[in-house]
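Working notes, structure below.
Chains as they are written, first to last, in my numbering: chain A, -17 to 88; chain B, 4 to 123.
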């Protein structure tokens, strides 16, 4: 199985901050990488697909980059609605998720 | 607008079969651009992909190795829905189960989630 490791697992940030979350794959997944946002009691919401494509309706302050084994989700100017848990997921070989990064208010 | 509506019991006894159904509206389960998957989430295992079915000239399925021996996912085109059956459940199968539509490797629409507890 391809293992997905996110860092950090937790981060504390303020409204307006730029936030970066990293996801590393144990082997290359080329660009088969998606990012999701999840709030308590809700299903995950797709933000980014194929590593860098913004899902329709998602604010442009979200951006994804990377290929191969290292990927980044950047949130430019964090908004109150962005405090949530973020997951990466590869779909190159089977499908596996990272363990999540919780973004909380400083 | 695509919607996925899940149904099924929230309590299953150990060693029995977990059965959930996902009714699809706004798309067809026969859409050959899409796959229809089940994902579960628990504090112990996090988000875990279980398997998928998709139509590409014929119906196909793929399953996670961790559940491959006891899972079935089937589509019912007459009702435009797909289902999950997980056999011989244990308390480790407790969690929130989601049905999802997958396009371009990403899950763009999710069901509302069903909390399934395995307990006698």
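For every residue, glycine included, the Cβ atom is placed at its ideal position computed from N, Cα and C.
Anything in chain B within Cβ reach of residue i, meaning under 7 Å, just list it in chain order.
| i | result |
| --- | --- |
| residue -2 of chain A | By Cβ distance, chain B contributes nothing, its closest Cβ being about 29 Å from residue -2 of chain A, past 7 Å. |
| residue 28 of chain A | 109, 110 and 111 |
For a contact meaning CB atoms closer than 9 Å, what does residue i contact in chain B?
| i | result |
| --- | --- |
| residue 69 of chain A | 49 and 50 |
Identify the contact partners of residue i in chain A, using a Cβ-Cβ distance below 7 Å as the criterion.
| i | result |
| --- | --- |
| residue 116 of chain B | 25 |
| residue 41 of chain B | Within chain A, no residue comes near residue 41 of chain B; the closest Cβ sits about 11 Å away, beyond 7 Å. |
| residue 101 of chain B | 25 |
Mind checking who residue i pairs with in its DSSP beta bridge?
| i | result |
| --- | --- |
| residue 42 of chain B | B:52 and B:101 |
| residue 36 of chain A | A:30 |
| residue 72 of chain B | Residue 72 of chain B pairs with nothing; no bridge assigned. |
| residue 9 of chain A | Note: residue 9 of chain A sits in no beta bridge, so no partner. |
| residue 4 of chain B | According to DSSP, which records beta bridges pairwise, residue 4 of chain B is partnered with nothing at all. |
| residue -13 of chain A | A:6 |
| residue 49 of chain A | A:52 |
| residue 78 of chain A | A:72 |
How is the beta strand (DSSP E) around residue i delimited, first residue to last?
| i | result |
| --- | --- |
| residue 89 of chain A | No information on residue 89 of chain A is available, as it lies outside the stretch -17 to 88 that chain A covers here. |
| residue 66 of chain A | That residue, residue 66 of chain A, is in no beta strand (DSSP E); it is neither H nor E in DSSP. |
| residue 88 of chain A | First-last for residue 88 of chain A: undefined, no H or E at that position. |
| residue 17 of chain A | 15 to 20 |
| residue 120 of chain B | 117 to 121 |
| residue 88 of chain B | 84 to 89 |
| residue 27 of chain B | 21 to 28 |
| residue 109 of chain B | 109 to 113 |
| residue 24 of chain A | First-last for residue 24 of chain A: undefined, no H or E at that position. |
List the residues of chain B whose Cβ lies closer than 8 Å to the Cβ of residue i, in chain order.
| i | result |
| --- | --- |
| residue 97 of chain A | Because chain A here runs from -17 to 88, residue 97 of chain A falls outside it and cannot be looked at. |
| residue 73 of chain A | 105, 108 and 109 |
| residue 16 of chain A | 108, 109 and 110 |
Within 9 Å of chain A by C-beta, residues of the region 24 to 36 of chain B in sequence order: none
Of the residues that make up the region 59 to 92 of chain B, which ones have a beta carbon closer than 8 Å to any beta carbon in chain A? 65, 67 and 68
Can you list, in chain order, the residues of the region 104 to 115 of chain B whose Cβ is nearer than 9 Å to any Cβ on chain A? 105, 106, 107, 108, 109, 110, 111, 112, 113, 114 and 115
Using Cβ-Cβ distances below 7 Å, what residues of the region 30 to 53 of chain A are close to chain B? 31, 32 and 37
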